[in-house]
DNA sequence: GATATATAAGATACAAGAGTCTTAAATCTG
DNA sequence: CAGATTTAAGACTCTTGTATCTTATATATC
Ligand code: SF4
Ligand code: SF4
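Residue numbers (the numbering used here), protein chains in the order written: chain P, 1 to 144; chain H, 145 to 288.
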């Protein structure tokens, strides 16, 4: 898999929080509500949301009417932010073969082809904001 | 990581076998020689080469002067063959978010962008043959 | 203040990946 | 045939990722 389970959960949950914030105008969404709708473990999602909170992508609030919400406007949060917080960015800097000490100076024969696509992927996730995804989701009634 | 450790070892070892076959004209290379030069565990590499042998990518021969060698001409073995044998091709058919039952009919908002790059990656590994890599390696004195 | 609701934090359990080791079978050489 | 070499097969260990569970802590409502 390209991303860890936790990372994909983080993306899906962030997107759901975004749509709920935009559509219903709510500031904090309980994690239980998210885990129910996304059909995944509440406890596991809790831990992941804690990571996003620590990374200043989410804000949290305890007690009744508490939950998690975006710490910044949805158009300022990119998928790279979420990926970096959960999985790190090794995928976009390390290489397909993972040779020790590899790089531009001493490349393996796969380097040119892989590095190009690696950077393209990085740019793609960097340009994709939660606001953009939420908008696309609403326009086309896509799944989440 | 994009590929498992075993898969990257498989690629590196296949490539080394290819260059040895081409340059030295040897049919079988002992796995110990490969593991020594690639600086990785002999026993682990043995297990991986067994997978490649089972997949008809390599041929093996026991006893003195034995070892492993390419089962087909190097220009007919692609990286996709090696990847498919060790890691499988899920990476190129599954999606970034791994939603259950996802696909063209009910796509998530990431689908279009990801599917395009996923197929591009698949094509890249499909077009890359061991012979091509070995040639590039020799021409430019690249690492392996 | 008492109680219910929610996240925070960390202990624990389970599964999968990565790596090691041992024994068996095949092959060559002398 | 005897002994050395080399892969085959599988048991075993260690580490990491995934998931669950329990106990704290903060907050709101009454
Ligand atoms: S040279 Fe490039 S492609 Fe090759 S192992 Fe290093 S980073 Fe990866
Ligand atoms: S719709 Fe496409 S991008 Fe979205 S989860 Fe499914 S395969 Fe992946």
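Just so it is clear, CB atoms sit at the ideal spot from N, CA and C, and this is done for glycine as well.
Closer than 7 Å to some heavy atom of ligand 1: that does not describe the Cβ of residue 266(H). Among the residues of chain H, those whose CB is under 8 Å from the CB of residue 113(P) are 268 and 272, following chain order. When rounded, the separation of the alpha-carbon atoms in residue 56(P) and residue 46(P) is 15 Å. The closest CA to that of residue 236(H), considering only 280(H), 260(H) and 215(H), is found on 260(H). By the Cβ criterion, the stretch 103-112 of chain P is not in contact with the stretch 65-84 of chain P, since fewer than three pairs of Cβ atoms, one from each stretch, lie closer than 8 Å. In terms of Cβ geometry, residue 272(H) and residue 197(H) do not form a close pair [threshold 8 Å].
For residue 58(P), the enclosing beta strand (DSSP E) has its first and last residue at 58-61. For chain H, none of the residues of the stretch 54-82 of chain P brings a beta carbon within less than 7 Å of one of its beta carbons. In the structure shown, residue 34(P) adopts helical secondary structure according to DSSP, grouped into three states. In this structure, DSSP gives residue 250(H) a state outside helix and strand, which the three-state scheme calls coil.
Between the beta-carbon of residue 163(H) and that of residue 214(H) there is about 11 Å, and that puts the pair past the 8 Å contact cut.
Leaving aside the five residues that flank residue 96(P) on each side, the residues in its chain whose CB is nearer than 7 Å to its CB run, in chain order, 110 and 114. At least one C-beta of chain H is nearer than 8 Å to the C-beta of residue 136(P).
The CB of residue 250(H) comes closer than 7 Å to the CB of 143 in chain P, given here in chain order. For the stretch 13-44 of chain P, the set of residues with a beta-carbon nearer than 7 Å to any beta-carbon of chain H is empty.
A distance of 8 Å or more separates the beta carbons of residue 230(H) and residue 173(H).
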